[in-house]
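Engineer: Protein chains in written order, with the numbering used here: chain R, 51 to 390; chain P, 51 to 390. Built from N, CA and C at the ideal position, the CB exists for glycine as well. Take this structure first; my questions come after.
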């Protein structure tokens with residue numbers, strides 16, 4: 051209805067982030083970069099999942115509020131274009147809670163407890179039996195987010211694939227009840243480059259571990275984090291042969307250095323021996339400073355005009371809400387919940 | 051804002067029914083009769099809980115839709131007056147799902163599983179591990195219903211008291227997060243006359259057991275159900291002494307016969323011996339025909355003008371939605387979910 055005719059045939063993508071902290075290189079490589087290219091080939095909805103972030107942040111609701119704007123700044127800084135992608139705030143589309151409510155009837159407690167993603171997240175957060183109900187049931191909420199926009203593609207990490215399966219189970223159960231295909235099944239799209247380790251070599255970049263390089267990092271911050279980058283602990287003297295496995299400096303260069311020929315040469319030299327870690331890190335710093343400088347500049351530009359950013363979010367949210375409202379209306383009709 | 055000044059100081063009552071079948075004498079004695087008197091002394095919201103009914107009726111959504119109107123007819127028939135009480139349809143107040151969504155973060159799965167009402171309902175329905183998530187979490191939904199209207203009084207059966215306790219736990223946790231009393235604690239109000247047994251003597255009147263006398267019953271239906279009323283199985287000959295315990299005819303007379311002196315005399319005669327069951331049942335039939343005739347007539351009157359009933363429901367729902375929207379707005383603000 052409201053979408054321009056030329057975009058309605060493009061596949062719909064839903065993606066987004068829990069706004070609990072600034073985005074970093076891990077987000078850039080794992081999702082943000084892809085979103086910039088998806089916006090040419092798909093109708094992309096980018097969700098600031100503040101409501102979902104609350105499921106385990108009820109003790110610090112101000113943090114979630116604050117980070118909605120910070121993450122929006124990160125989006126704009128990397129080149130997600132509100133004219134091409136619909137950036138919206140989850141909590142401001144209450145239709146999503148309505149869909150969640152009905153989907154909760156389509157999934158059993160046992161099925162939620164078996165969901166490997168939920169199981170792992172519960173373990174990571176140390177919830178055990180004190181799981182907030184909203185946390186156990188968040189697959190229903192995620193199904194609401196995905197189906198509200200009739201998304202066909204959902205970019206997720208490998209570990210999130212069970213969530214998409216659960217969404218599709220709900221879709222099929224709902225469509226059986228409706229007797230017609232009201233909702234659309236989604237497909238997980240796992241990015242080629244997986245998770246980037248932290249600068250310290252730990253599996254995951256995490257704000258609390260202090261092992262990230264944020265998109266808004268200053269040149270000094272970038273420099274000091276690159277110095278900390280984990281390399282080869284066996285590479286004690288420059289002349290020694292070095293190892294590439296688990297070597298974060300080279301993992302980052304693989305991800306960000308566009309001069310692949312020079313990189314291959316550098317790797318060969320490192321393995322052979324005679325290449326100092328400091329030179330590898332110098333190259334990495336050059337690459338990252340070059341990558342992040344324009345992102346930081348754009349971020350600073352938008353930071354100075356928060357009113358404009360809020361206006362952009364308001365418009366994106368209105369657009370998202372129109373789409374979600376149409377789906378919710380279909381869902382209500384299928385459940386016999388139309389009276390007037 | 052929209053409430054007349056003279057009603058704002060009255061305590062708010064929330065009450066309602068799951069629209070899964072026609073209402074019967076059990077509803078009349080346990081709640082409907084009280085609602086007619088509450089509407090003089092309280093600001094009463096009467097909810098047609100269609101969304102809650104779906105938690106275990108996803109296989110028959112049409113039944114729920116149909117019964118919303120049927121139950122509304124029952125309300126009007128017994129004298130619940132839309133000018134005094136706000137009668138509304140739960141699903142048409144989507145703010146309730148939004149509140150539910152946030153309250154799910156304030157209650158643990160373990161706490162829901164310990165809720166005695168939920169435990170018993172799960173047992174009754176034979177759900178065991180295949181509990182729909184929406185069923186386990188319905189205390190959060192009920193908390194949403196109660197708090198949305200800032201209800202201070204909630205008329206419930208004895209078995210529902212744990213639900214009100216759970217609501218109040220959520221209220222307290224929420225208010226702690228908010229740092230101010232956004233939500234209001236509620237008090238269970240248990241009616242003096244508890245549950246009425248079925249005509250067959252079974253503990254509960256239930257449509258599926260066929261042991262009810264519906265409010266819209268025809269004179270013939272009343273007559274044939276009274277014939278089935280369970281009395282004293284030891285009272286074989288008229289001359290035998292009769293027993294009152296578990297004697298449904300006398301339980302019903304206790305509930306509905308307004309001539310208490312005559313009833314006490316009849317009881318004494320029955321216990322002494324010499325009073326035939328048929329005479330007791332004749333009295334019961336007279337009482338019930340007199341009680342139900344005006345209810346049936348009013349019901350038939352409204353049945354002929356369903357458009358008017360729908361209009362009444364539409365207006366009540368709009369009014370309820372305004373109140374719920376104000377609470378939801380407060381809840382969003384307390385959670386930092388206001389951006390624009």
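1) Specify the secondary structure class of residue 52(R) as computed by DSSP and reduced to three states.
2) Alpha carbon to alpha carbon, how far is residue 94(R) from residue 369(R)?
3) Under 9 Å, CB to CB, which of the residues in the region 150-176 of chain P have a partner in chain R?
4) Measuring alpha carbon to alpha carbon, tell me which residue in 247(P), 339(P), 174(P) and 138(P) is nearest residue 266(P).
5) The alpha helix (DSSP H) that contains residue 242(P), what's its start and end?
6) Candidates 128(R), 75(R), 271(R) and 67(R): which alpha carbon is nearest residue 248(R)'s?
7) Could you list which residues in chain R have their beta carbon closer than 7 Å to that of residue 105(P), in chain order?
8) Do you know how far the Cα of residue 149(P) is from the Cα of residue 231(P)?
9) Quick check: residue 236(R) and residue 217(R), are their CB atoms within less than 8 Å of each other?
10) Hey, how far is the Cα of residue 105(P) from the Cα of residue 342(R)?
11) Is the closest heavy atom of the ligand NAD to the C-beta of residue 273(P) under 7 Å?
12) At the 8 Å Cβ level, is residue 95(R) part of the contact set with chain P, yes or no?
13) Are residue 151(R) and residue 98(R) closer than 8 Å when you measure CB to CB?
14) What residues match up with residue 264(R) in a beta bridge as DSSP calls it?
15) Per DSSP, residue 182(P) forms a beta bridge with which residues?
16) Tell me the start and end of each unbroken alpha helix (DSSP H) in the region 162-213 of chain R that is at least 4 residues and wholly inside, in chain order.
17) Would you call the region 356-374 of chain R and the region 196-205 of chain R touching, i.e. three or more CB-CB distances under 8 Å?
18) Using three-state DSSP, classify residue 287(R) as helix, strand or coil.
19) Measuring alpha carbon to alpha carbon, tell me which of 380(R), 194(R), 239(R) and 318(R) ends up nearest residue 81(R).
20) Relative to the C-alpha of residue 388(P), which candidate in 120(R), 141(R) and 126(R) has its C-alpha closest?
21) Tell me which same chain residues have a C-beta within less than 8 Å of the C-beta of residue 360(R), skipping the five on either side of it?
22) Identify whether residue 300(P) lies in helix, strand or coil by the three-state DSSP scheme.
23) Is the region 182-195 of chain P touching the region 154-161 of chain R, taking contact as three or more C-beta pairs under 8 Å?
24) DSSP three-state label for residue 256(P), please.
25) Count Cβ pairs between the region 321-332 of chain P and the region 278-286 of chain P that sit closer than 8 Å; are there 3 or more?
26) Note down, in chain order, each residue of its chain lying with its Cβ closer than 6 Å to the Cβ of residue 300(P), except the 5 sequence neighbours on either side.
27) Going straight from the alpha carbon of residue 383(P) to that of residue 366(R), what length do you get?
28) Cβ of residue 44(R) within 8 Å of Cβ of residue 180(P)?
29) Do we get a CB-CB distance below 8 Å when we pair residue 124(R) with the residues of chain P?
30) Please decide whether residue 142(R) counts as near chain P, where near means a Cβ-Cβ distance under 8 Å.
31) Where does residue 94(R) sit, in a helix, a strand or coil, going by DSSP?
32) Let's see if you can read the secondary structure: which residues bound the alpha helix (DSSP H) around residue 100(R)?
33) With H, G and I counted as helix, E and B as strand and the rest as coil, what does DSSP make of residue 326(R)?
34) Considering only C-alpha positions, which residue in the set 234(R), 264(R) and 364(R) is nearest to residue 246(R)?
35) Select from 103(P), 62(P) and 84(P) the residue whose C-alpha is nearest the C-alpha of residue 385(R).
36) Excluding five sequence neighbours on each side, which residues of the same chain lie with their C-beta closer than 8 Å to the C-beta of residue 362(R)?
Structural biologist: Looking at the coordinates:
1) Note that residue 52(R) scores a pLDDT of 43, beneath 50, so its modelled location is shaky; the value from the coordinates is reported in the next line. DSSP places residue 52(R) in coil when its eight states are reduced to three.
2) 12 Å
3) 150, 151, 152, 153, 154, 155, 156, 157, 158, 159, 160, 161, 162 and 163
4) 339(P)
5) It is not in any alpha helix (DSSP H) - residue 242(P) carries neither H nor E in the DSSP assignment.
6) 75(R)
7) 155
8) 16 Å
9) yes
10) 50 Å
11) Inclusion of the ligand NAD in the displayed structure is not the case, the ligand content being empty and no account of it being possible.
12) no
13) no
14) 74(R)
15) 158(R)
16) 166-175, 183-186 and 188-198
17) yes
18) coil
19) 239(R)
20) 141(R)
21) 119
22) helix
23) yes
24) coil
25) yes
26) 294
27) 21 Å
28) Absent from the structure is residue 44(R), since the part of chain R shown begins at 51 and ends at 390.
29) no
30) yes
31) strand
32) 100-104
33) coil
34) 264(R)
35) 103(P)
36) 122, 126, 132 and 137
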